[in-house]
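Residue numbers (our numbering): 681 to 1164. Structure, as structure tokens:
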Ligand code: AMP
């Protein structure tokens, strides 16, 4: 998963991009980048790290121009930030800067089919090369040719992609895969200086920058904001929407609204659904404790519905990112507690309902149950906001291979035993649909039921499994060991 922004504005684009990227930092902490154009020249800056680490005041000043692209990067398998960081630029048949969020499943096949000489492992390079190839074949740079090139690109890409391209002299072009798997929303603002348009992964970027939301970009739609700020929309391809359910469950920021469904409100409903599942078990709880941060909203609604106190029984050290390196002499226990520490007074002697958004491998849950028991919890009942994850995601959520996913080979009862909890309550598929107020046919639930919206052939699954294995071995060799 990554975060993207495109701005066709009137002021200093780098300032807006900088503030906007902070708003979607949660979508990727591995790297950040900007491409900015002043109508004549383009400048690009990208690198590893958080937004605040990659950009300084002098870099933002160097990025001159009123239009640009921004990206925060979430690493995918086998990738290297210094080489794969976005934006990417191509100069054939004209200069095109591009960013994207998602994952292209068939990059290997496409790079052979189109005989691409790639310099990175980033799937954006494949999208950009193929789009520029189709655009060149059109023979001109008219609107029709641009939309035709987008359509031809969509026909060969298999996967999820929300793409923003900057074509200096023509405008900003953005499009979303036909199933609209990854989010994308656009808006506009009118000031004394004129009209501006912005597009981003999440509406919070537009809110923060003072843009009025126009709407979500539709699956298979392409929109061109021209130099004179006229907007041309074209439904290039059409398919059933299959929005990723995990955006609401875990990934998107709590204050975002995706496809008109607010993330916070949907997590509250999901919490209520979990409470309903618990009521069927007819057991008691003394306190409900979230695993911060995502599960806080689930736990809040559960506590309300069950009339059990909600307590912050686990505190997260907010200065530790996902890149925490465990120094050699640090024990796993110390490492876990550096990141998450229990408030003993809130759990000691109590029947604790511990709430998290998902179980992937099960290693975090096991450690959390141990932590609660060591803090004196009398019973630990685990609650999970999503249904069991049984199959890998090929559309941009970093998930391990099938055999590493604990729910792919263990029943709920077995998982409960393995993590050492007194009980384990997962969200039901029906509860998920009710919580998200959507029908299952309009969501991508591939990680829950293997119903992939696009074809993911066996050789592709194997390709990803092999890459993951390679990455695991590299990580083991480095042995810098992440925490939980
Ligand atoms: P695990 O220990 O593998 O079961 O991981 C579960 C924990 O990881 C939960 O606390 C989730 O909030 C978090 N999580 C779930 N999916 C992801 C993901 N794709 N990337 C990072 N963390 C995740």
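Using N, Cα and C, we set each Cβ at its ideal position, and we do this for glycine too.
With a threshold of 7 Å, establish whether the CB of residue i neighbours any heavy atom of ligand 1.
i: residue 1041; result: yes
i: residue 1045; result: yes
i: residue 771; result: no
i: residue 1037; result: yes
i: residue 1106; result: no
i: residue 1125; result: no
i: residue 1079; result: yes
i: residue 971; result: yes
i: residue 930; result: yes
i: residue 974; result: yes
Using alpha carbons as the reference points, say which of the options lies closest to residue i.
i: residue 810; options: 764, 772 and 754; result: 772
i: residue 751; options: 1043, 880 and 776; result: 880
i: residue 1075; options: 922, 831 and 1024; result: 922
i: residue 1052; options: 1084, 1071, 1068 and 1017; result: 1017
i: residue 875; options: 1063, 884 and 890; result: 890
i: residue 708; options: 1068, 737 and 732; result: 732
i: residue 882; options: 1033, 932 and 847; result: 932
i: residue 936; options: 1030, 976 and 886; result: 886
i: residue 1133; options: 739, 860, 803 and 847; result: 860
i: residue 638; options: 741, 744 and 683; result: Only positions 681 to 1164 of the chain appear in this structure, which leaves residue 638 out of reach.
i: residue 699; options: 1135, 912, 1096 and 735; result: 735
i: residue 715; options: 1107, 1096 and 766; result: 766
i: residue 1129; options: 1112, 777 and 920; result: 1112
i: residue 744; options: 696, 1081 and 1146; result: 696
i: residue 1014; options: 983, 746, 979 and 1050; result: 1050
i: residue 1165; options: 985, 685 and 823; result: The chain is shown from 681 up to 1164; residue 1165 falls before or after that span and cannot be answered.
i: residue 842; options: 803, 868 and 873; result: 803
i: residue 1090; options: 863, 1039, 1122 and 705; result: 1039
i: residue 742; options: 1096, 1105 and 718; result: 718
i: residue 957; options: 1041, 1068, 1063 and 908; result: 1063
Given a cut-off of 8 Å on the beta-carbon distance, is the pair residue i and residue j in contact?
i: residue 865; j: residue 896; result: yes
i: residue 1102; j: residue 1066; result: no
i: residue 796; j: residue 941; result: no
i: residue 693; j: residue 748; result: yes
i: residue 1055; j: residue 1035; result: no
i: residue 850; j: residue 821; result: yes
i: residue 786; j: residue 838; result: yes
i: residue 1031; j: residue 966; result: yes
i: residue 805; j: residue 854; result: no
i: residue 954; j: residue 977; result: no
i: residue 916; j: residue 900; result: yes
i: residue 1022; j: residue 993; result: yes
i: residue 808; j: residue 770; result: yes
Can you tell me which residues form a DSSP beta bridge with residue i?
i: residue 1218; result: Given that the chain is displayed from residue 681 to residue 1164, the structure contains no residue 1218 and the question cannot be resolved.
i: residue 1036; result: 1064
i: residue 942; result: 937
i: residue 660; result: Residue 660 falls outside the range modelled here, since the chain spans only 681 to 1164, and no answer is possible.
i: residue 1059; result: 1031
i: residue 769; result: 777
i: residue 1021; result: 995
i: residue 845; result: 778 and 853
i: residue 1105; result: 1063
i: residue 923; result: 1123
Using beta carbons (cut-off 8 Å, strictly below), is residue i in contact with chain B?
i: residue 985; result: Protein chain content of the structure displayed is limited to a single chain, and chain B is not contained in it.
(request) Starting from the N-terminal side, write out each stretch of the beta strand (DSSP E) that is 3 residues or longer and does not extend beyond the segment 772-811. (result) You should have 776-784.
(request) Can you check the segment 953-1006 for any beta strand (DSSP E) of at least 3 residues that lies completely inside it and give the ranges in chain order? (result) As far as the segment 953-1006 is concerned, its whole beta strand (DSSP E) runs of at least 3 residues are 967-970 and 994-996.
(message) Please give the ranges of any beta strand (DSSP E) in the segment 883-915, keeping only runs that are unbroken, at least 3 residues long and fully inside the region.
(response) Taking only runs of at least 3 residues, the beta strand (DSSP E) segments lying wholly in the segment 883-915 are 892-896, 901-906 and 911-915.
(request) Report the residue ranges of all alpha helix (DSSP H) runs contained in full by the segment 1062-1096; include only those spanning at least 4 residues, in chain order. (result) With a minimum length of 4 residues, the continuous alpha helix (DSSP H) runs that stay inside the segment 1062-1096 are 1086-1089.
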